[in-house]
Every structure is written in structure tokens, then in C-alpha cells.
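Novice:
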Amino acid sequence: MEERLVLRNLKLISEEPVDIVIQNGRIAEVAAAGQGSGTRVWEGAGAYVSSGWIDLHVHAVPALDPYGDEIDEIGVKQGVTTIVDAGSCGADRIGELAASRAKAKTNVLAFLNISHIGLQRIDELSDMQWIDAQKAVQAVRAYPDLIVGLKARISKSVVRDSGIEPLRRARALSLETGLPLMVHIGSGPPDIREVIPLLERGDIITHYLNGKANNLFDAEGKPLAVLTDAVARGVHLDVGHGTASFSFNVAEAAKRHGIRFDTISTDIYRGNRINGPVFSMARVLTKFLYLGYPLAEVIAGVTTHAADWLGKPELGRIQAGDPANLTLFTLSSEPTALVDSEGDERIAECTIETKGAVVNGEFFEC
Ligand code: ZN
Ligand code: ZN
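All residue numbers for the sequence shown refer to the numbering used here, where the first residue is 121 and numbers rise by one.
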């Protein structure tokens, strides 16, 4: 007989107590707490349940160094049910990611690096010959269910003397493929005021809370006009914490000025997972609770907002009949030291801890 798993005594973000019943990879039933019936019961003891967390910026190719890691280490083991690799691969190696995806438990999507060499070098846009439109278009056609966008890293150490020419090429490729861009920002040149105006509705700025000299806020913490203009035309703001791209000072200024995140992502890979300052998605989310965003908004940053951007709203809801992708977590009142990319520390009174995840109906305890 097919297993029917009851996740007993959970609560939705709205605090409504529920049982969730899973069968054949799908949510069979969302019942009142204590009312779900099945062949196996897991006691949730009041843990929260949300739709499965989506991390829109990770590095999931273990062979790449420094920006690489194992899919399930940064996915399901962190309570993250869908990861989106952010340009680790260009056309040369995207097939490798597609192959490892088939063996992983976590759902995997990807941004294709516009440089065909991807992160085999960390100055992958310094030589225009590495941007080969034909190779990129072929890769997009070959992996339509994997590739959700194009990645261009537009900062000094990546582009060197190329300025914004790589971003112009990215824009042309976006037009040709119909795919949006995720643009990494950081140190200049190019000046951030030259970069942001090239982004359009549906494109993503990742690392928008970075504290580098070329960031999106002025010395008083006010958002630059290019940023408020971008938000007004529907450019999507993504955190992409990473080793060097999240500043508490900037995040506090952004909040003061009402510049909200659309999605919260980690930019996680081996080094910043093991040694910090990222560690885990739960730790990054805890930083946004610390900043004073309500729990429902923080969780929306890894559920509904990401799912909507992906054009897969079913990934952001909990509904009978949908594939079962869920994340279970609790709030702990253990004080925790949080460190940003600048070495600044804050003490969180409330910490998010993952307890489990369901990926396509399969349950994992964290
Ligand atoms: Zn980056
Ligand atoms: Zn990255």
C-alpha cells in the first residue's frame, strides 16, 4: 500500500494549526490539527510550515573553486527545496549541472552565465571572446526546463577593463532568448549609475545590500536615484548575501527608506557555508527578522516572491493536489550573534531553525 504520511500538529505562518497529509508526491490534504489520517505520523510539535524555501542565488557545482558546493548540502539539508544556481556555468558546463541535478534530491534551476566559461575563472567577463552569443542561445535551447535566466557579474574584478560592454551583450542575449537577467553588482568601475539603468522589468539585481564603495545608497544611507527608478519600473531586488555582499548598515538604511527586498537568497558555497558569514538560509533569514521585518514578510522572500518571479506560483503555496514541497521550522529565543560581510555584529533575540523539508513528497528531517 502506498505510504500516506501525516505531518501532525504544524502551524501555518498565519498561526493556524494544521496537519498536512502527503501521498504519491503530492499534498493529499490540509486538515485541521489532529484530523489528518495516514499510515505514518510525524509529530510536528507546533513547528511552522511554509511552502518549500527557494534560494534564488547559490553555487551548486562542486568541482568549481572557490564558488562551488554539493547540491543537497545547500538544498534540502538546509530546508531549501529549490535552489537556483546563479551562473556557475556558462554554455561549456551547463550539461554537467543538468546531469548532477538528476541525481540530487533538491530541485535545481539555473541562471546561465553569459560567459561560456562560467566560474572556471573569476574574471569570466574580462575577455569579450568568452561571450559567445551562439553558444549561449544553443545552451538555452538545450535545457529549457533548467535555465530560468541569464547571469552577468558586472563588477571590477570580473569585467576588468571591459566596462559595461558585457552588460550590453547580456541585454542583447536577453532580447534574443526572452530570458531575464540576474546582474551581480559590486566594486566599480563600472560605476553603479551606469549599470542599473540598463536593467528592465523582471530583471534581478543581486547583492543589492552590499556595503562596498560602489553600492546603491549614498553616504547618508539614502537610496540613489538609479535604485528608486529601477524599483519603480519593476526591477527585482535580491539579497545574495555571500561572503562580501551583505552589510547591516546598508540593510538598516534600506529599511529606513522603505527599500524592500523581493527575494532573500544566500549566495552560498562551500567556503561561506562552513566558515560563514552565510552558514545557512535559516541564518540569513534570521538577519531579516533581526532587522524588524515580520516573519510573514521574511518567509515570503523565499516562498511566494521567488515562486512568482519563476512563474511557478504553485511552488509558493500549500494546497491539496500540488506537488509536496514544504519547509518546517521553529523560532528559538536563544540569543545568537550575527555577523555581516563587513565583520559588523548584531545579536538576534529570535532565531529561525529548520526542522525538516519535504521535496516532491519525500520527507527529510534537518
Ligand atoms: Zn555575485
Ligand atoms: Zn554568487
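C-beta atoms are modelled at their ideal positions from N, C-alpha and C, and glycine is treated no differently. These numbers were taken from a predicted model, which means no experiment stands behind them.
Give me the Cβ distance between Phe-381 and Val-359, rounded to the nearest whole Å; I'm assuming they're in contact under 8 Å.
Specialist: The residue given as residue 381 occupies position 261 in the sequence shown. The residue given as residue 359 occupies position 239 in the sequence shown. So it is a contact: roughly 6 Å between Cβ atoms.
Novice: Per DSSP, Lys-131 forms a beta bridge with which residues?
Specialist: Along the sequence shown, read from residue 1 onward, the residue named residue 131 stands at position 11. For Lys-131, which the question treats as bridged, DSSP gives the partners Pro-137 and Tyr-168.
Novice: Of the choices Glu-193, Gly-164, Asn-129 and Ile-142, whose alpha-carbon is the least far from that of Phe-399?
Specialist: Translated into the one-based positions of the sequence shown, residue 399 becomes position 279. Of the listed residues, the one whose Cα sits closest to Phe-399 is Glu-193.
Novice: Ligand 2: which residues have Cβ under 5 Å from any of its heavy atoms, chain order?
Specialist: Those residues are Ala-206 and Asp-387, given in chain order.
Novice: Tell me which residues share the same chain as Ala-468 and place their Cβ nearer than 6 Å to its Cβ, disregarding the 5 neighbours each side in the sequence.
Specialist: As a position in the sequence shown, residue 468 is number 348, starting the count at 1. The answer, listed in chain order, is Thr-406, Tyr-410, Thr-456 and Leu-458.
Novice: Excluding the 5 residues preceding and the 5 following Gly-145 in the sequence, name in chain order all residues of the same chain whose CB lies nearer than 7 Å to its CB.
Specialist: Stepping through the sequence shown from its first residue, residue 145 is reached at position 25. The residues are Pro-443, Ala-444, Asn-480 and Gly-481.
Novice: Tell me whether His-361 counts as near ligand 1, meaning its Cβ is closer than 6 Å to at least one heavy atom of that ligand.
Specialist: Working through the sequence shown from its first residue, we reach residue 361 at position 241. Proximity of the beta carbon of His-361 to ligand 1 is not indicated: no heavy atom of the ligand is located closer than 6 Å.
Novice: Quick check: is the beta carbon of Ala-153 nearer than 7 Å to any beta carbon in chain B?
Specialist: As a matter of chain content, chain B is missing from the structure shown, which is built from one protein chain.
Novice: What's the call for Gly-311, buried or exposed, on a 16-neighbour Cβ count within 10 Å?
Specialist: Counted from its first residue, the sequence shown places residue 311 at position 191. It is Asp, not Gly, that sits at residue 311 in the sequence shown. Exposed.
Novice: Helix, strand or coil for Ala-332? Go by DSSP, reduced to three states.
Specialist: To locate residue 332, count along the sequence shown from 1; it is residue 212. It is Lys, not Ala, that sits at residue 332 in the sequence shown. Three-state DSSP puts Lys-332 in coil, outside helix and strand.
Novice: For the candidate residues Glu-465, Glu-462, Asp-464 and Glu-454, whose alpha-carbon lies nearest to that of Thr-471?
Specialist: As a position in the sequence shown, residue 471 is number 351, starting the count at 1. That would be Glu-454, whose Cα lies nearest to the Cα of Thr-471.
Novice: What's the call for Leu-287, buried or exposed, on a 16-neighbour Cβ count within 10 Å?
Specialist: The sequence position of residue 287 within the sequence shown is 167, counting from 1. With 16 or more Cβ atoms within 10 Å of its Cβ, Leu-287 is classed as buried.
Novice: In chain order, which continuous runs of the alpha helix (DSSP H) of length 4 or greater are located wholly inside the segment 183-215?
Specialist: Listed in chain order, the complete alpha helix (DSSP H) runs (minimum 4 residues) inside the segment 183-215 are 191-194.
Novice: Flag this pair as yes or no: are the beta carbons of Ala-153 and Asp-175 separated by less than 7 Å?
Specialist: Residue numbering aside, residue 153 sits at position 33 when the sequence shown is read from its first letter. Residue numbering aside, residue 175 sits at position 55 when the sequence shown is read from its first letter. No.
Novice: Looking at His-304 and ligand 1, is the gap between the Cβ and the nearest heavy atom below 6 Å?
Specialist: To locate residue 304, count along the sequence shown from 1; it is residue 184. Checking every heavy atom of ligand 1 against the Cβ of His-304, one is found closer than 6 Å.
Novice: Taking the CB atoms as reference points, tell me whether Val-178 and Asp-205 lie closer together than 7 Å.
Specialist: One-based indexing of the sequence shown puts residue 178 at position 58. One-based indexing of the sequence shown puts residue 205 at position 85. In contact: Val-178 and Asp-205 (Cβ atoms closer than 7 Å).
Novice: In whole angstroms, give me the CA-to-CA distance for Ile-394 and Thr-386.
Specialist: As a working note, residue 394 is residue 274 in the sequence shown. As a working note, residue 386 is residue 266 in the sequence shown. Distance between the alpha carbons of Ile-394 and Thr-386: 13 Å.
Novice: Let me confirm a value: Ser-208 is counted as buried when at least 16 other C-beta atoms fall within 10 Å, else exposed. Which label applies?
Specialist: Position 88 of the sequence shown, counted from the first residue, corresponds to residue 208. Buried is the call here.
Novice: Kindly examine ligand 4 and report whether one of its heavy atoms sits closer than 6 Å to the Cβ of Leu-287.
Specialist: In terms of ligand content, the structure shown lacks ligand 4 and carries ligand 1 and ligand 2 instead.
Novice: May I ask you to verify whether the segment 270-280 touches the segment 230-245, counting CB pairs closer than 8 Å and requiring at least 3?
Specialist: yes
Novice: Starting from His-356, trace the beta strand (DSSP E) in both directions and tell me its first and last residue.
Specialist: Position 236 of the sequence shown, counting from 1, holds the residue named residue 356. From DSSP, the beta strand (DSSP E) with His-356 extends over 356-358.
Novice: Between Ala-477 and Phe-449, what straight-line distance do the alpha-carbon atoms span, to the nearest angstrom?
Specialist: As a first step, residue 477 must be located in the sequence shown, where it is residue number 357. As a first step, residue 449 must be located in the sequence shown, where it is residue number 329. Annotation: Ala-477 to Phe-449 spans about 9 Å, alpha carbon to alpha carbon.
Novice: Should Leu-295 be labelled buried (16 or more other beta-carbon atoms within 10 Å of its own) or exposed?
Specialist: Mapped onto the sequence shown, residue 295 falls at position 175. When all chains shown are included, Leu-295 counts as exposed.
Novice: Buried or exposed for Lys-223, please, with buried defined as at least 16 other CB atoms from any protein chain shown within 10 angstroms of its CB.
Specialist: The sequence position of residue 223 within the sequence shown is 103, counting from 1. Exposed.
Novice: Where does Gln-439 fall in DSSP's three states?
Specialist: On the sequence shown, residue 439 is found 319 positions in, with the first residue counted as 1. Here Gln-439 sits in coil by DSSP.
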